[in-house]
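Student:
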Amino acid sequence: MAQALTLTPAAANRVGAIARKQGREAILRLSVEGGGCSGFQYKFDLADGTDAEDLISETEGVKLVVDPVSLELVAGSVVDFVESLGGAAFKVENPNAAAGCGCGSSFGI
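Residues in the sequence shown are numbered from -1 upward in steps of one, following our numbering.
(1) Can you tell which of L71, V80 and A2 has its C-alpha closest to the C-alpha of F38?
(2) Unbroken beta strand (DSSP E) runs of length 3 or more, entirely within the segment 6 to 92: which are they?
(3) My guess is that L62 and V77 are in contact by the Cβ rule of under 8 angstroms, so how many angstroms apart are they, rounded?
(4) Find the nearest neighbour of V90 within the set E23, G14 and A73, judged by alpha-carbon distance.
(5) Should I16 be labelled buried (16 or more other beta-carbon atoms within 10 Å of its own) or exposed?
(6) Would you tell me roughly how many angstroms separate the C-alpha atoms of A23 and A96, rounded to the nearest one?
(7) If the criterion is Cβ atoms closer than 8 angstroms, does the pair V60 and V13 meet it?
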């Protein structure tokens, strides 16, 4: 499926750990908002459920959900969780992004 999204095992493990600590279901919602230094920015939230029109991808029992409007901008992306000396964060590898910024949370099409 060309629109498929992928949640890496590292990201799934991190979402699962956060959800367990909060006593919630392991559902990570990825959405796109206007703003950031490159025009759009990624937003991550733990979701309480899914909507009928959401695209849902599942890795190790953790769901990654994206609404149809955001999906147009992130189709084919891989969501990972990376830890480095600079800190730890979710990272989106977006094949649709023509430009990005140093922080990694903003992109342009």
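Each residue gets a CB set at the ideal place from its N, CA and C atoms; glycine is no exception.
Tutor: Once the coordinates are examined:
(1) Looking up residue 38 in the sequence shown gives position 40. Restricting attention to L71, V80 and A2, the CA atom closest to the CA of F38 is found in L71.
(2) Runs found: 25 to 32, 38 to 44, 53 to 57, 60 to 64, 76 to 82 and 85 to 91.
(3) The count along the sequence shown starts at 1 and reaches residue 62 at position 64. The count along the sequence shown starts at 1 and reaches residue 77 at position 79. The pair is a contact, with the Cβ atoms about 6 angstroms apart (cut-off 8 angstroms).
(4) As a working mapping, residue 90 is identified with position 92 in the sequence shown. Comparing Cα positions, the closest option is A73.
(5) Position 18 of the sequence shown, counted from the first residue, corresponds to residue 16. So I16 ends up on the exposed side.
(6) Residue numbering aside, residue 23 sits at position 25 when the sequence shown is read from its first letter. Residue numbering aside, residue 96 sits at position 98 when the sequence shown is read from its first letter. The sequence shown places Glu at residue 23, not Ala. E23 and A96 have their C-alpha atoms some 34 angstroms from each other.
(7) Here residue 60 refers to the residue found at position 62 when the sequence shown is read from its first residue. Here residue 13 refers to the residue found at position 15 when the sequence shown is read from its first residue. Against a cut-off of 8 angstroms, the Cβ pair of V13 and V60 comes out as a contact.
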